[in-house]
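Peer 1:
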Amino acid sequence: MTDQPVSSRSSLEQPSTSTGPLPSFDIHLRFLTDSYLSFFTERKRIEEVYVESLLKLHKKIRSIDAFLDDRTDLSTARSAWSEVRENVEREAQTRQAFLSTLNIDVVTPLATLKDTQERTRKRIKEDLKESGNAYNEYAEVALPRLKSRYLKKYAEVEEQKRAAAAPTSPAQSPTSPDYQGITNSRSPPNSNTRPVVTSPQPLRALDRRPSGSAPGGRNRSPSATTTAFSDLAQHGKKQLNQLRGFLEKSGTVKENFGGARETHALRTVRAKRELEEANKEYRKGVHWLETLRLRRVKTLESGYNSLLLFVEECSTVVKLALEKYTDNMTATTTTQTQLSSHAHALVSKISPEKDRSKLSGYISRSLASATPDPVLYENCHVGECCDLIFGFSLLDYATTKGLPDGEVPKVVKCCIDEIDKRGLEAEGIYRVSGRHAIVQSLQLEIEKDEEAFEFRPKEDIYAVASLLKLYLRELPEPVFKFSLQERIQHTEDFADHQSNNFLLLRGKMRRLPPVHQATLKYLVEHLARVAAHSEKNKMDPKNLAIVFGAVIFGEDQLPQGGDLLSVQTWKDSLMEDLIIHAHVLFSDDQNLHPLPPPPPGESAPHYPYGSRTTKVANIPSPINVSNSPSHSEDFTPRLPPRPANSIHPSARGPSSPTKERIELPPPLPQRPRGRQGNTTPPSPSVVSSVLETDDSLSYVDSEDLGHSAPTSPSVAPPSVGEDPSDSHQPSPRSKTGKAELQA
Numbered sequence: 016m017t018d019q020p021v022s023s024r025s026s027l028e029q030p031s032t033s034t035g036p037l038p039s040f041d042i043h044l045r046f047l048t049d050s051y052l053s054f055f056t057e058r059k060r061i062e063e064v065y066v067e068s069l070l071k072l073h074k075k076i077r078s079i080d081a082f083l084d085d086r087t088d089l090s091t092a093r094s095a096w097s098e099v100r101e102n103v104e105r106e107a108q109t110r111q112a113f114l115s116t117l118n119i120d121v122v123t124p125l126a127t128l129k130d131t132q133e134r135t136r137k138r139i140k141e142d143l144k145e146s147g148n149a150y151n152e153y154a155e156v157a158l159p160r161l162k163s164r165y166l167k168k169y170a171e172v173e174e175q176k177r178a179a180a181a182p183t184s185p186a187q188s189p190t191s192p193d194y195q196g197i198t199n200s201r202s203p204p205n206s207n208t209r210p211v212v213t214s215p216q217p218l219r220a221l222d223r224r225p226s227g228s229a230p231g232g233r234n235r236s237p238s239a240t241t242t243a244f245s246d247l248a249q250h251g252k253k254q255l256n257q258l259r260g261f262l263e264k265s266g267t268v269k270e271n272f273g274g275a276r277e278t279h280a281l282r283t284v285r286a287k288r289e290l291e292e293a294n295k296e297y298r299k300g301v302h303w304l305e306t307l308r309l310r311r312v313k314t315l316e317s318g319y320n321s322l323l324l325f326v327e328e329c330s331t332v333v334k335l336a337l338e339k340y341t342d343n344m345t346a347t348t349t350t351q352t353q354l355s356s357h358a359h360a361l362v363s364k365i366s367p368e369k370d371r372s373k374l375s376g377y378i379s380r381s382l383a384s385a386t387p388d389p390v391l392y393e394n395c396h397v398g399e400c401c402d403l404i405f406g407f408s409l410l411d412y413a414t415t416k417g418l419p420d421g422e423v424p425k426v427v428k429c430c431i432d433e434i435d436k437r438g439l440e441a442e443g444i445y446r447v448s449g450r451h452a453i454v455q456s457l458q459l460e461i462e463k464d465e466e467a468f469e470f471r472p473k474e475d476i477y478a479v480a481s482l483l484k485l486y487l488r489e490l491p492e493p494v495f496k497f498s499l500q501e502r503i504q505h506t507e508d509f510a511d512h513q514s515n516n517f518l519l520l521r522g523k524m525r526r527l528p529p530v531h532q533a534t535l536k537y538l539v540e541h542l543a544r545v546a547a548h549s550e551k552n553k554m555d556p557k558n559l560a561i562v563f564g565a566v567i568f569g570e571d572q573l574p575q576g577g578d579l580l581s582v583q584t585w586k587d588s589l590m591e592d593l594i595i596h597a598h599v600l601f602s603d604d605q606n607l608h609p610l611p612p613p614p615p616g617e618s619a620p621h622y623p624y625g626s627r628t629t630k631v632a633n634i635p636s637p638i639n640v641s642n643s644p645s646h647s648e649d650f651t652p653r654l655p656p657r658p659a660n661s662i663h664p665s666a667r668g669p670s671s672p673t674k675e676r677i678e679l680p681p682p683l684p685q686r687p688r689g690r691q692g693n694t695t696p697p698s699p700s701v702v703s704s705v706l707e708t709d710d711s712l713s714y715v716d717s718e719d720l721g722h723s724a725p726t727s728p729s730v731a732p733p734s735v736g737e738d739p740s741d742s743h744q745p746s747p748r749s750k751t752g753k754a755e756l757q758a
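Just so we're aligned, residue 16 is where the sequence shown starts under our numbering, counting upward by one.
The following block contains the structure:
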């Protein structure tokens, strides 16, 4: 496992001067400097000394061009230039006024272009060197160290598992090969008898008695007095430490010396925790190396783009300069009209597009050869994972995958499509948790090969829902960052927001990055479809808001001036409003509600990836979440009477004796919303976190119950609980809120 594969970056660690954008940049700079500028500078000087110097210039430039043109294919600019150069030989006289025109319209623009492009080349060279050094250093030093630590911790965990599974004995068997090896190595060559250790007493006696304190008066033979432990004492402290290390490795030293400080279980737990930490660091290392690789690729692409712009600008400037040169030559001389007209006709054929296209083919091949191969994350269970999805932001995903505007991550699309297909009527969907082992297996499977991942037809629909919640929970940045104070303010001003079709809320959503907008729209419309089937799945908008509130909006922290005693008086209905009014919030007609300016004191957000707008292909028709004719304005579904085998948290078994349940808060008073009929006020997400059952109380393994978890939406699960991954993998965005509510 420690053998590292031969890296394919050897050609990049020592970049050759014949690869990358710099060689092409240099040759085109030489075109500009040694050919164009040199010619016109000399032309200006020769105009002063007239014909003789002009002929010398033609000879010099012709030799330079012959050397440069042999190294590359002639572009349209170079082809026209060769004809212009030949016209110099025929020029015999010029006028003094032409000298000033040559200086202003030709020499100055080329000199300016040269200075600009030399600075650009210097910047590109520094950026390439910096990005290459950073990538190579991290790939050769930092990442192998993280991977080695991860593999070492994994080997320690496996060793702990084997040690725990092997039967233990109080003392080493005298006949074991290890023991025989020790006694053979410690006994003298001429000894005929082999000492046998049958109990821990000789070790304790040896520990208490100095090595040289044998009682006088005994006449023992050398073979009888030289035991394994006396021989160990004679060889010094080094051999004794080796023996103790061997006994500790065999698992008997703690039993013989009676000083055991920890059991196999504690060592196993500590080893697993260290393995998990090493795994996280290794994953972060792989992601950072991928970031450095992408940065290097972007630097190379930027260099080639600058080269393309340079070639195009050079061709354009040369074209303009030569047009000025030929036009003024025609105007200022009568003897050179014929030659100048011919040169102008050739110059007009210069095509920057052709020059760019001719170089583009070479750049694509050079870029492909200079791009390093991606370094994949290697999981000890499933092997190489082509994609790192869980725990990384939506912007990173969209940039890595080249996700177009309006598209959502595949894991979100697959989970939602699967639940829409066969889970809309599953009772307790999103509230009943799938088995943790199944969810973890699905997570590794989709990260192994996202492109080929598909759900199996009989996959547990609750595990699919738990996988979606796990992905959203582990996002470093929530899908729709919305502080608790703003959500409470939205609830208080709900009537105003509803009267203007949620203008402020729509504006905040449109300021999100495109991938966040598309994911939020796709998810909320799906939750509206789930709520439309609440008569069968028992998940109305209020219940869905309890499950997804903190996941979508981020951490729930107490606002300034708030305390835990006032939690029950807060009203947060934003998530419920999103589900109920999804058809209004995600309407296609954006012209009726233009994007409002940012709030006072809040600058427009800047996102380094993605575009500023999201193009949505289509929006489903509005979903009527309430089919009751008597409550046409009430979007909250009315639940039927609770059945005997209800999955409501109150119907669960007795709570754990080590953990008391939190008392449910009293129901909140209703708030006016301007709706007709009796409406139930939505539960705030802060209070909803109190209603969620602890994972350790609600999670029941189906194998312990003697039957498997339900795989059909029509079969009710045996127990209700939150996602087991909630407890095993807590989100860093929800630790503060939960700790304050449980205080």
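Virtual Cβ for every residue (Gly too), placed ideally from N, Cα, C.
Which residue spans inside the stretch 44-122 form an unbroken alpha helix (DSSP H) run of at least 4?
Peer 2: Taking only runs of at least 4 residues, the alpha helix (DSSP H) segments lying wholly in the stretch 44-122 are 53-64, 66-84, 91-105 and 111-117.
Peer 1: To which residues of the same chain is Leu779 closer than 7 Å at the C-beta, ignoring the five residues directly before and after it?
Peer 2: Residue 779 cannot be examined here, being either before or after the span of the chain that is shown, 16 to 758.
Peer 1: Below 7 Å CB to CB, which residues in the same chain sit around Ala126 once its five sequence neighbours on both sides are set aside?
Peer 2: Closer than 7 Å at the Cβ level, and outside the excluded window around Ala126, lie Leu52.
Peer 1: Could you work out which residue in Lys75, Ser115 and Leu535 is closest to Glu104 when comparing CA atoms only?
Peer 2: Of Lys75, Ser115 and Leu535, the residue nearest in Cα terms is Lys75.
Peer 1: Per DSSP, what kind of secondary structure is Gly398 in: helix, strand or coil?
Peer 2: Here Gly398 sits in strand by DSSP.
Peer 1: Return helix, strand or coil for Tyr445, following the three-state DSSP convention.
Peer 2: Coil.
Peer 1: Whole angstroms is fine: what's the gap from Asp142's alpha carbon to Leu161's?
Peer 2: Roughly 27 Å separates the two Cα atoms.
Peer 1: Less than 7 Å between the CB of Ser379 and some heavy atom of the ligand FMN, yes or no?
Peer 2: By its list of ligands, the structure shown contains no ligand whatsoever, and the ligand FMN lies outside what it can speak to.
Peer 1: Among residues of its own chain, excluding the 5 on either side of Lys59, which ones have a beta-carbon nearer than 8 Å to its beta-carbon?
Peer 2: Within the same chain, Lys59 has close Cβ partners Leu114, Leu117, Asn118 and Val122.
Peer 1: Have a look at Tyr340 and Thr48 and give me their C-alpha separation to the nearest angstrom.
Peer 2: For Tyr340 and Thr48, the distance between alpha carbons rounds to 18 Å.
Peer 1: Check this for me: beta carbons of Ala560 and Ile594, under 8 Å apart or not?
Peer 2: Contact: yes.
Peer 1: Decide if Val362 is buried, meaning its Cβ has at least 16 other Cβ atoms within 10 Å, or exposed.
Peer 2: Answer is buried; the Cβ neighbour count reaches 16.
Peer 1: Taking DSSP as the reference, what is the three-state secondary structure of Glu393?
Peer 2: Here Glu393 sits in strand by DSSP.
Peer 1: How many Å lie between Ser408 and Thr414 at the Cα?
Peer 2: Cα to Cα, Ser408 sits roughly 10 Å from Thr414.
Peer 1: Check whether the Cβ atoms of Ala95 and Lys425 lie closer than 8 Å to each other.
Peer 2: Taking 8 Å as the Cβ cut-off, Ala95 and Lys425 do not qualify as a contacting pair.
Peer 1: So Arg471 is in the alpha helix (DSSP H); what residue range does that whole segment cover?
Peer 2: No alpha helix (DSSP H) holds Arg471; DSSP gives it neither H nor E.
Peer 1: Using CA atoms only, rank isn't needed, just tell me which of Ala92, Val66, Leu72 and Ile61 is closest to His43.
Peer 2: Nearest of Ala92, Val66, Leu72 and Ile61 to His43, Cα basis: Ala92.
Peer 1: Here's a check: name, in chain order, each residue in its chain whose Cβ is nearer than 8 Å to the Cβ of Asp508, leaving out the five neighbours to either side.
Peer 2: Excluding sequence neighbours, Asp508 sits near nothing in its chain.
Peer 1: By alpha-carbon positions, which one of Thr278, Thr56, Arg308 and Glu57 ends up nearest to Ala154?
Peer 2: Selected option, being the one with the closest Cα: Arg308.
Peer 1: So, under 8 Å CB-CB, Cys401 and Val479 are touching, yes? Tell me the CB distance rounded to an integer number of Å.
Peer 2: The pair is not a contact, with the Cβ atoms about 21 Å apart (cut-off 8 Å).
Peer 1: Where Ala157 and Ala280 are concerned, what is the direct C-alpha to C-alpha distance, given to the nearest angstrom?
Peer 2: Ala157 and Ala280: Cα-Cα distance of roughly 32 Å.
Peer 1: Please report how far the alpha carbon of Ala452 lies from the alpha carbon of Leu535, in whole angstroms.
Peer 2: So the alpha carbons of these two residues sit roughly 28 Å apart.
Peer 1: With burial defined as no fewer than 16 other Cβ atoms inside 10 Å of the residue's Cβ, what is the status of Asn642: buried or exposed?
Peer 2: Reliability of the predicted coordinates at Asn642 is poor, the pLDDT of 40 falling under 50, and no value is obtained from them.
Peer 1: Unbroken beta strand (DSSP E) runs of length 3 or more, entirely within the stretch 127-189: which are they?
Peer 2: With a minimum length of 3 residues, no continuous beta strand (DSSP E) run stays inside the stretch 127-189.
Peer 1: Counting C-beta neighbours from all protein chains within 10 Å, is the total for Arg288 16 or more, i.e. buried, or is it exposed?
Peer 2: With fewer than 16 Cβ atoms within 10 Å of its Cβ, Arg288 is classed as exposed.
Peer 1: Looking only at its chain, what residues have a beta carbon closer than 6 Å to the beta carbon of Pro36, apart from the 5 residues adjacent to it on each side?
Peer 2: Excluding residues within five positions, the ones whose Cβ falls inside 6 Å are Gly318, Tyr319 and Leu322.
Peer 1: Looking at the secondary structure, which residues open and close the alpha helix (DSSP H) in which Thr498 lies?
Peer 2: Note on identity: in this sequence residue 498 is Ser, with Thr being the wrong assignment. Where Ser498 is concerned, there is no enclosing alpha helix (DSSP H), given that its DSSP letter is neither H nor E.
Peer 1: Since Gly449 and Tyr477 should fall inside the 8 Å C-beta cutoff, what is the C-beta to C-beta distance between them, to a whole number of angstroms?
Peer 2: About 4 Å; that satisfies the 8 Å criterion.
Peer 1: Can you find the residues in the same chain that come closer than 6 Å, C-beta to C-beta, to Glu399, ignoring five residues on each side of it along the sequence?
Peer 2: Contacts found: Leu391 and Glu393.
Peer 1: Taking only three categories from DSSP, how would you classify Leu683?
Peer 2: In this prediction, Leu683 scores a pLDDT of 42, lower than 50, which makes its location untrustworthy; no coordinate-derived value is stated.
Peer 1: Just to check my reading of the structure: Leu403 and Val301 have Cβ atoms closer than 8 Å, yes? What is that Cβ distance to the nearest angstrom?
Peer 2: About 7 Å; that satisfies the 8 Å criterion.
Peer 1: Quick one: what does DSSP say Glu489 is sitting in, helix, strand or coil?
Peer 2: In the structure shown, Glu489 sits in coil (DSSP, three-state: anything other than H, G, I, E or B).
Peer 1: For a test of the three-state rule: what should DSSP assign to Arg526, helix, strand or coil?
Peer 2: It is coil, neither helix nor strand.
Peer 1: Can you look up Val423 in the DSSP assignment and give me helix, strand or coil?
Peer 2: Of the three classes helix, strand and coil, the one that applies to Val423 here is coil, per DSSP.
Peer 1: Please state the DSSP three-state secondary structure of Asn516.
Peer 2: Looking at Asn516 - three-state DSSP - the assignment turns out to be coil, as it is neither helix nor strand.
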